[in-house]
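Trainee: Top line first, the protein sequences correspond to chains H and W.
My numbering applies: residue 6 is where the first sequence begins, and numbers increase by one.
My numbering applies: residue 6 is where the second sequence begins, and numbers increase by one.
From the three backbone atoms N, C-alpha and C, an ideal C-beta is built for every residue, glycine too.
Protein chains: 2
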Amino acid sequence: MDKKALFDKWVAFTTSVHQVTHELTQNAKSDSITPVQYNILEYITVSQPVTPSEISDCQHISMPNTSRELKKLSEKNLIEKVSDSEDRRKQYIHLSKEGEMMMNEAFAIVESRFQSRLQHASKEDLADIERAMDILQTKLFY
Amino acid sequence: MDKKALFDKWVAFTTSVHQVTHELTQNAKSDSITPVQYNILEYITVSQPVTPSEISDCQHISMPNTSRELKKLSEKNLIEKVSDSEDRRKQYIHLSKEGEMMMNEAFAIVESRFQSRLQHASKEDLADIERAMDILQTKLFY
DNA sequence: CTATTTAATTATCATTTGATAACCATAATA
DNA sequence: TATTATGGTTATCAAATGATAATTAAATAG
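(1) How is E85/W classed by DSSP in three states: helix, strand or coil?
(2) Could you say if the segment 132-144 of chain H and the segment 14-29 of chain W meet the contact criterion of at least three C-beta pairs nearer than 8 Å?
(3) Under the three-state reduction of DSSP, which class applies to Y97/W: helix, strand or coil?
(4) What residue range does the alpha helix (DSSP H) around H65/H cover?
(5) Distance, Cα to Cα, F146/H vs I134/W?
(6) Is there a Cβ of chain W sitting closer than 8 Å to that of S21/H, yes or no?
(7) Flag S8/W as yes if its beta-carbon sits less than 8 Å from any beta-carbon of chain H, otherwise no.
(8) Rounding to the nearest angstrom, what Cα-Cα distance links P69/W and V55/W in this structure?
(9) Which residue wins for smallest C-alpha separation from F112/W, given the options N44/W, T71/W, D7/W, E129/W?
(10) Residues of chain H with CB closer than 7 Å to the CB of K14/W, please, in chain order.
(11) Taking 8 Å as the CB-CB limit, is V25/H close to chain W?
(12) Touch check for the segment 76-95 of chain W and the segment 36-43 of chain W: three-plus C-beta pairs under 8 Å?
(13) Could you check where the alpha helix (DSSP H) with D92/W kicks off and where it finishes?
(14) Step through the CB atoms of chain H and report whether any lies within less than 8 Å of the CB of K144/W.
(15) Could you tell me which chain W residues have their CB closer than 8 Å to the CB of Q120/H, listed as they occur along the chain?
(16) Residues of chain W with CB under 7 Å from A126/H, in chain order?
(17) Can you round the beta-carbon distance between L83/W and S101/W to whole angstroms, since I take them to be within the 8 Å contact cut?
(18) Mark V87/W as exposed unless 16 or more other C-beta atoms lie within 10 angstroms of its C-beta, in which case mark it buried.
(19) Check for me: the alpha helix (DSSP H) holding A17/H runs from which residue to which?
(20) Whose Cβ in chain H lies nearer than 7 Å to the Cβ of D130/W?
(21) Return the chain-ordered list of same chain residues with a C-beta closer than 6 Å to the C-beta of R118/W, the five sequence neighbours on each side being excluded.
(22) Looking at C-alpha atoms only, which residue of T26/H, V51/H, L131/H is the closest neighbour of N109/H?
(23) So S37/H and K95/H are in contact, right, with Cβ under 8 Å, and what is the actual spacing, rounded?
(24) Measure the alpha-carbon distance for D92/W versus S61/H and round it to whole angstroms.
(25) Determine whether the Cβ of L141/H lies closer than 8 Å to any Cβ atom of chain W.
(26) Are the beta-carbon atoms of T19/H and V22/W separated by less than 8 Å?
(27) Rounded to whole angstroms, what is the Cα-Cα separation between A137/H and S127/W?
Listed below in C-alpha cells is the structure:
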C-alpha cells in the first residue's frame with residue numbers, strides 16, 4: 006500500500022472514530038452545561054490539577070474565553086480554583102465534589118455504551134483491539 | 006486487561022486521535038467558510054452525491070440549519086444542487102469545480118502534514134499502522 | 001380525489017462561541 | 001527601583017450555531 010492510500014485510509018479511519026465517539030457520547034452530558042464546558046470538564050477530569058493556561062492551550066480556547074467559561078463552571082459549583090502559594094498568579098483547577106459526580110455520571114453512560122458495543126467480542130478480539138490501539142498510539146497518534 | 010481498563014485506554018486513544026486530527030487540519034480550510042460549512046463540504050466530498058437529508062442525519066444538523074448552510078455554500082459557488090427526476094422533492098448535492106479545488110487544496114495541506122508525520126516510519130511501521138487501522142475499523146469503529 | 005407524509009425552505013430568535021482591547025496583580029529582570 | 005513579562009480577568013462585540021414554527025411542493029396512501 007502506498008503512502009497516498011494510507012492517507013485515504015487514515016481519513017476514513019478518523020471519520021469513523023469521530024462518528025462512533027459522537028454516538029457513544031451524545032446526550033451523555035448534563036443539559037446544564039454547554040459542549041465547550043463539557044470539553045473543559047473532561048480535560049480537567051483526566052488531567053487535574055490543571056491551570057487555566059493549560060486549558061487554553063490544550064483546548065484551543067483563548068485565555069479570555071477560557072476564563073469566562075471557568076467562571077461559569079465555578080458559579081455552577083462544578084470546579085474549584087486554588088491559587089499557587091509559590092506563584093500567586095497561577096491557579097490550580099480541579100473538579101468539585103459536584104463536578105466529579107457529574108462527570109462520573111457522564112462517563113458511566115459512555116462506558117456502558119462502549120461495553121455494549123463490545124459485548125460480542127471474544128477475548129482475542131479484545132486483545133487485538135488493545136494491541137491495535139497501542140500501535141496507533143505510539144506510531145501515529147503520538 | 007479487563008474491560009474497564011480497555012475503556013480507559015479507549016478514552017485516551019480517542020483523545021489522541023482528536024488531538025492529532027486537530028493538529029493536522031488546523032488552518033487547512035479556507036477562511037471564507039465556517040467550521041460547520043467545512044465539515045459539510047468534507048462530507049459531500051467523500052460521499053457525493055448526497056441529499057440534504059443525509060447531510061442533516063450524518064452531520065447532526067437540523068434540516069432547517071442544513072438548508073441554510075447549503076444555501077450559503079451554494080451562494081459561494083462551492084456546491085451545486087440537482088433535483089432528482091424521479092422524486093422532484095429530492096436534491097442531489099455535489100461539489101462545483103470551485104468547491105473541488107478548495108477541498109483539494111485543503112486535503113493537500115492535511116496530507117502533507119500527515120506524510121511528514123510518517124517520514125521516519127519504516128515499511129514495517131506502515132504495515133503495522135495499516136493493519137491496526139483495519140482491526141479497529143472492523144472491530145470497534147464500525 | 002382528499003388526506004397524509006416526506007423533502008426541503010424560509011423566517012426568526014436565543015444561545016454559544018470567538019475575537020479583541022484594556023486591565024490588574026504578581027513575578028522576574030535590568 | 002523601574003521595567004518588562006506572565007497569568008489571569010473583565011467587558012464588549014460580532015459571528016456562528018442551534019432551535020422552533022410556519023410554509024411549499026411533491027409523493028403516497030386511503
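Mentor: In short:
(1) strand
(2) yes
(3) strand
(4) Here H65/H belongs to no alpha helix (DSSP H), and DSSP marks it neither H nor E.
(5) 10 Å
(6) yes
(7) Note on identity: in this sequence residue 8/W is Lys, with Ser being the wrong assignment. Closer than 8 Å: yes.
(8) 17 Å
(9) N44/W
(10) E135, M138
(11) yes
(12) yes
(13) Counting along the chain, D92/W falls outside any alpha helix (DSSP H), and DSSP gives it neither H nor E.
(14) yes
(15) K8, F12
(16) K144
(17) 6 Å
(18) exposed
(19) 8-30
(20) K144
(21) L29
(22) V51/H
(23) With 8 Å as the limit, S37/H and K95/H do not qualify as a contact, their Cβ atoms being about 28 Å apart.
(24) 49 Å
(25) yes
(26) yes
(27) 17 Å
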